Amino acid sequence: VWTLSKRKHRVIKASQPVFLAMIACGTFILASSIIPLSIDDSIATQGGCSAACMAFPWLLSIGFSTIFAALFAKIWRLNQLMKNAANFRRVTIHAKDVRAPFAVLITMNVILLLLWTFIDPLVWVRTESNSDYQSYGYCQAGGSAHAIFFGLLVALNFIALAKANWQAWKARNTSTAYSESSYIWYAMLSLLQALLIGLPVLMLVMQSNAVVSYFVWSVLIFIVCTTILL
5 VWTLSKRKHR VIKASQPVFL AMIACGTFIL ASSIIPLSID DSIATQGGCS
55 AACMAFPWLL SIGFSTIFAA LFAKIWRLNQ LMKNAANFRR VTIHAKDVRA
105 PFAVLITMNV ILLLLWTFID PLVWVRTESN SDYQSYGYCQ AGGSAHAIFF
155 GLLVALNFIA LAKANWQAWK ARNTSTAYSE SSYIWYAMLS LLQALLIGLP
205 VLMLVMQSNA VVSYFVWSVL IFIVCTTILL
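Counted the way the numbering used here counts, the sequence shown spans residues 5 to 234.
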């Protein structure tokens, strides 16, 4: 809201308010994924818990891809302007000219998520009570196709992150007024490091300990959102 209300200010205008709004929306969606992750059958029905199980990857993927498609397009736009300026060529790049990366990434994420939802959705299950009369609930798919879709989503968004890091690396030394390219480069490099460390940890604890898995997911999402906003 603040970005849109101040979009005429020269600093906000130079920072491309359309992309700032996209990044803010993507961060909100990504942070919202913690909500379905926190739902269990103590506060919701079996059907509600199953819906929350599938809502989590939807919010996670859409939020993440929105953020990094916007970051990629934002930095790519700056690099194109600087490249043409270095060659003494005048070029005008509008916001609509960089919508293609966003549209492609979102579309591919939605297709994979729809296939996952219809073919092998996650459902809520609770284990039988053991000798200590304890049980625990977790999200589980009926087959093995969910692992394929999860892997494809991770690979797709990791490629988007890598491409955004490459564009930020190319723009790291750009010295234009109000340019934030160096800050974006540092932020995305930190995110890349966090994901390279966090994802293997998640793979180790996801099926063995629900509490630890919830903690790691929450911390990872918090780090991503905080780094982007700062």
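The beta-carbon is built from N, C-alpha and C at its ideal position, and this holds for glycine as well. Just so you know, these numbers come straight off a predicted model, no measurement behind them.
Distance from the CA of Asn113 to the CA of Leu160, rounded to the nearest whole angstrom, comes to 8 angstroms. Here the alpha carbon of Gly146 sits roughly 7 angstroms from the alpha carbon of Leu126. Judged by DSSP in its simplified three-state form, Tyr218 adopts helix. Annotation for Leu126: the continuous beta strand (DSSP E) segment containing it runs 126–130. Ala77 and Ser148 have their C-alpha atoms roughly 35 angstroms apart. Rounded to whole angstroms, the gap between the alpha carbons of Ser36 and Pro61 is 11 angstroms. For the set Gly30, Leu64, Asp45, the Cα lying nearest the Cα of Leu75 is the one of Gly30. In this model, Leu208 and Gly202 are separated by some 10 angstroms (Cα to Cα).
The stretch 150–168 makes contact with the stretch 67–74; the number of CB pairs closer than 8 angstroms reaches 3 or more.
Leu63 is positioned such that its CB atom lies no closer than 9 angstroms to that of Val228.
Contact check for Gly155 against Ala214 fails: the beta carbons are separated by 9 angstroms or more.
Each residue's CA atom was taken as its position, placing Ser46 and Ala25 some 36 angstroms apart. Judged by their CB atoms, Leu117 and Phe153 are nearer to each other than the 9 angstroms cut-off. Boundaries for Ala48: no beta strand (DSSP E) harbours it, and the DSSP string shows neither H nor E there. Looking at Thr131, Asp44, Phe68, the one whose alpha-carbon comes closest to that of Ile225 is Phe68. Taking C-alpha positions only, Ile43 is separated from Trp221 by approximately 14 angstroms.
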